[in-house]
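In this note's numbering, the protein residues as written are 297 to 860. Worksheet: one structure, shown below.
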Amino acid sequence: MSTNAGAPQKRPTLKAVRGTRDLLPDQTPLWNFVEATARGVFARYGFGEIRTPILEDTSLFARAVGEETDIVGKEMFTWEDGLREDLRSLESDWRRVHADLLDVESTFTLTARPIAWTVATIEGNLTFVEFRVLVPKTPDFELKKRNSELKDQGTLHRVVVPNWRMDLLDLTAYEDAGIRVEALSGRHVAKSESVSLRPENTAGVVRAYIEHKLGETGQLQKLYYIGPQFRRERPQKGRYRQFWQIGAEVIGPQSSGSESALRDAEVLQMLAALLDELGIRGWRLDLNSVGSSEDRARYNEALRAALAPVKDQLCPDNQRRAETNPLRVLDSKDENDQAIIEGLPKIADYLAEDSREHFQQVLAALDACGVKYNLNPRLVRGLDYYTRTTFEFTVTTGLGTQNALLGGGRYDGLSEMLGGPRAPGIGFAIGEDRLILTLQAQAEEDARVARESGALVSGASLASETWVPAWAAKKLDAYIAPLGIAQNPAALALAHELRSAGLTVEVGDGAFKLRKSFDVADSLARNIILLGEDEVATQTATVKSFASGEQKKIARAELIAVLR
RNA sequence: GCGGCUAUAGUUCAGUGGCAGAACGCCGCUCUGUGGCAGCGGAUGUCGUGGGUUCGAACCCCACUAGCCGCCCCA
Numbered sequence: 297m298s299t300n301a302g303a304p305q306k307r308p309t310l311k312a313v314r315g316t317r318d319l320l321p322d323q324t325p326l327w328n329f330v331e332a333t334a335r336g337v338f339a340r341y342g343f344g345e346i347r348t349p350i351l352e353d354t355s356l357f358a359r360a361v362g363e364e365t366d367i368v369g370k371e372m373f374t375w376e377d378g379l380r381e382d383l384r385s386l387e388s389d390w391r392r393v394h395a396d397l398l399d400v401e402s403t404f405t406l407t408a409r410p411i412a413w414t415v416a417t418i419e420g421n422l423t424f425v426e427f428r429v430l431v432p433k434t435p436d437f438e439l440k441k442r443n444s445e446l447k448d449q450g451t452l453h454r455v456v457v458p459n460w461r462m463d464l465l466d467l468t469a470y471e472d473a474g475i476r477v478e479a480l481s482g483r484h485v486a487k488s489e490s491v492s493l494r495p496e497n498t499a500g501v502v503r504a505y506i507e508h509k510l511g512e513t514g515q516l517q518k519l520y521y522i523g524p525q526f527r528r529e530r531p532q533k534g535r536y537r538q539f540w541q542i543g544a545e546v547i548g549p550q551s552s553g554s555e556s557a558l559r560d561a562e563v564l565q566m567l568a569a570l571l572d573e574l575g576i577r578g579w580r581l582d583l584n585s586v587g588s589s590e591d592r593a594r595y596n597e598a599l600r601a602a603l604a605p606v607k608d609q610l611c612p613d614n615q616r617r618a619e620t621n622p623l624r625v626l627d628s629k630d631e632n633d634q635a636i637i638e639g640l641p642k643i644a645d646y647l648a649e650d651s652r653e654h655f656q657q658v659l660a661a662l663d664a665c666g667v668k669y670n671l672n673p674r675l676v677r678g679l680d681y682y683t684r685t686t687f688e689f690t691v692t693t694g695l696g697t698q699n700a701l702l703g704g705g706r707y708d709g710l711s712e713m714l715g716g717p718r719a720p721g722i723g724f725a726i727g728e729d730r731l732i733l734t735l736q737a738q739a740e741e742d743a744r745v746a747r748e749s750g751a752l753v754s755g756a757s758l759a760s761e762t763w764v765p766a767w768a769a770k771k772l773d774a775y776i777a778p779l780g781i782a783q784n785p786a787a788l789a790l791a792h793e794l795r796s797a798g799l800t801v802e803v804g805d806g807a808f809k810l811r812k813s814f815d816v817a818d819s820l821a822r823n824i825i826l827l828g829e830d831e832v833a834t835q836t837a838t839v840k841s842f843a844s845g846e847q848k849k850i851a852r853a854e855l856i857a858v859l860r
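Okay, here's the thing in structure tokens:
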């Protein structure tokens, strides 16, 4: 029994970590609508689902996305896997060496625990661990005497270092503090590896393509995924640290036609179809070609050369980019720099003949499909693996400045960058969170228009039919209200019967007053089923429709047919 | 990572130094087998967290945390 039982315990409230969020049941119907629509469209275009791990080797992203990109350089959730084992190994070696100190008496065991590992890693390796011997408090005179001996020997507080790391320590600092430093021989660093939460999914899919030798089938691989990605960015609307992407990749050996411009156009046409089917309005497709990696290298040189003489006039951000990644200067929004940017060389002039031809074929195929696009020579994707066709779909509703709904492009060299066979490919990633924000903003817009045009003023029931979007949650078929708790078992049995027949049913509680049952039923369901003493006795049910107000007593056998 | 704005009931918000509020929602009653309307009543709460100033802080100051807006970057 606690003496201060009356005082409420103060505990910090636990919240979802920064940039992550819960999707509650009022949200998930919309998410499921979006995902089901995407799966349906992808299936029609011959795509199969792939699920890759959320965790990958850090070097996968470093090689695919690019070591110097912001995503890999500063936005990944990365940690060393395996370090804990190293500590255990060092600790157990320490215990073995000092077994004589620890087992003072057979009845008392002293324990050693690591208390700090301030410089935990250098190059991913353990450097040192600080141990303190914890001595149990005891009235035993012999043990007390032993404790002070331990203290004199400096064993109560000492630093243990793997012997090949001694050079990393400032020994004198420890000696001045009266702390003994000792080296332990042996290798205490188990192989540890750096792993990261995936910041995007293309690298993982291509890794899986290589690992499972999907190229050996000779077939063109069309793969789609839906899943969470992670980037340690500053959260904002439409930008979360855990965010969802719906993406697809077309990849295969050259003989499978993976490099064909037809595939670029097919992917873009599929995206247009998907956005239309979802009901996204006013989307815009921006399209560009960044050429082969050779084209890009030559263009980069030209940009550098053109930027060098005017660098001083640029804003600080662009000065930095001119050094690190001249391509990115192109999509700068800085107003003062626009004149200079307009005068820079155009990528189109640096495309080799085959890249130029490939791009023309893409455009021709899009024209044939009737997909509208906007040529944007300044559209440059940030990820290292993109070659040739790059694209982006933007919207104007609901996203503020995060208006890019999806982005993608061709990545003909990615597989080889990862040590795989030549496997040209093209893919995209849709920001699902942004897609959903857009749909919600559109629905709000529609509701506002309906209100202003008077559709809602004249009668809510009429208007609700006209503008509620397809993904809005449907009402249950029936709500069963037992009258009195004696009817609860019969109510649950009836619910089971109806549910088995495929009806959506909620069951109330006989303890509720009838008024409450009606309130709850009206908010949840299209019909209420009253189940009182006489209904149970006569194998009937009283059904009332909320839409018509009509009420009938119906034989149990006919109930399912009536509710359908 | 940088700059700005914000944080009060389940929700939307009011409250500029002196008793913690409104609307909606929720619960109860009017009304124990017929709801939606209406009337009456009720509960909302670490006022984001921690410190400071003050006789006294939701309010002023500082720090932190989180969200939003912009930058950066990207989906």
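For glycine and all other residues, C-beta sits at the position ideal for the given N, C-alpha and C.
DSSP places Arg580 within a strand segment (E or B) once states are collapsed to three. Listed in chain order, the beta strand (DSSP E) elements of length 3 or more contained wholly in the stretch 311–361 are 351–353. Under the 8 Å Cβ criterion, the stretch 549–561 does not count as touching the stretch 637–648, having fewer than three qualifying pairs. Looking at the DSSP output, Glu545 bridges to Leu519, Gly723.
Rounded to the nearest whole angstrom, the CA to CA distance from Gly587 to Glu802 is 59 Å. Membership of Ala821 in any beta strand (DSSP E) is not indicated, and neither H nor E is assigned to it by DSSP. Per the coordinates, the alpha-carbon of Leu603 lies some 23 Å from the alpha-carbon of Thr683. In summary, Leu671 is exposed, with fewer than 16 beta-carbon neighbours lying within 10 Å of its beta-carbon over all protein chains present.
Excluding five sequence positions before and after Arg822, the CB atoms of its chain that fall closer than 8 Å to its own CB belong to Lys771, Leu772, Asp773, Ala774, Ser841, Phe842, Ala843, given in chain order.
Nearest to Lys509 by alpha-carbon distance, out of Ile547, Phe655, Val337, Ser355, is Ile547.
The three-state secondary structure of Arg652, taken from DSSP, is helix. Listed in chain order, the non-local C-beta contacts of Val691 below 7 Å within the same chain comprise Ile576, Gly578, Trp579, Asn699, Leu701, Thr734, local neighbours out to five positions each way being set aside. Runs of the beta strand (DSSP E) lying entirely within the stretch 622–671, each at least 3 residues long, are absent. Burial is judged here by how many other beta carbons sit within 10 angstroms of a residue's own beta carbon; Gly511 has at least 16 and is buried. In terms of Cα proximity to Ser796, the closest of Ile856, Leu493, Ala833, Ala601 is Ile856.
Excluding five sequence positions before and after Ala358, the CB atoms of its chain that fall closer than 8 Å to its own CB belong to Val368, given in chain order. Counting along the chain, Glu507 sits inside the alpha helix (DSSP H) bounded by residues 498–507.
At a Cβ-Cβ threshold of 7 Å, Thr354 and Glu573 do not count as neighbours. Among the bridge pairs identified by DSSP, Tyr775 is matched with Glu802, Ile824. Rounded to the nearest whole angstrom, the C-alpha separation of Ala786 and Val832 is 7 Å. Rounded to whole angstroms, Ser819 and Thr697 show a C-alpha spacing of 38 Å. The C-alpha of Gly666 is placed about 17 Å away from the C-alpha of Phe655.
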